[in-house]
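Below is one structure, written out as C-alpha cells; comments come after it.
What follows is the structure, given as C-alpha cells:
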C-alpha cells in the first residue's frame, strides 16, 4: 500500500534534519536512519520525481540518486514505478505466506 502522507511516518521525522544533509562518510551514518523506515520507498520516489539534489532520501545519497536517474532516463514517474513494484512485492509476500500456512 502506497502511503501519501509519508513524511508523518518517516523514521527521520524526529531526527535532526542536519543529520541527513552531510558529506562523505557521514552519509553512511545518515543512511542508517533510513534502514527499516516504513516509508523509505515513498521518500525515495519523491526525491527522484522532484530531482532533490542534496541530502539522503529514501536511503540514497545525492550521488546514488543522480546515477540512478542517469541509468533510467526513460522513467517519467518514479512514484508510479516504485508503487507498482512495491505492490507486486507485497502480493508475492502474501502468496508466499499463504503457501507456508497451507503446508
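Residue numbers (full-length UniProt numbering): 1 to 103.
Backbone N, C-alpha and C fix where the C-beta goes; we use that ideal spot for every residue, glycine too.
Residue i, buried or exposed, once every other Cβ within 10 Å from all chains shown has been counted against 16
i           : result
residue 44  : buried
residue 101 : exposed
residue 4   : exposed
residue 47  : buried
Rounded straight-line distance, which links the Cα of residue j to that of residue i
i          : j          : result
residue 87 : residue 30 : 27 Å
residue 68 : residue 56 : 14 Å
residue 85 : residue 91 : 10 Å
residue 23 : residue 63 : 11 Å
residue 27 : residue 81 : 26 Å
residue 32 : residue 98 : 32 Å
residue 52 : residue 95 : 36 Å
CB contact flag (residue i, residue j, <8 Å)
i          : j         : result
residue 83 : residue 2 : yes
N- and C-terminal bounds of the alpha helix (DSSP H) containing residue i
i          : result
residue 2  : Run containing residue 2: none; DSSP gives neither H nor E here.
residue 28 : 26-34
residue 79 : 78-102
Pick from the options that is closest to residue i, judged by C-alpha positions
i          : options       : result
residue 36 : 73, 9, 78, 49 : 9
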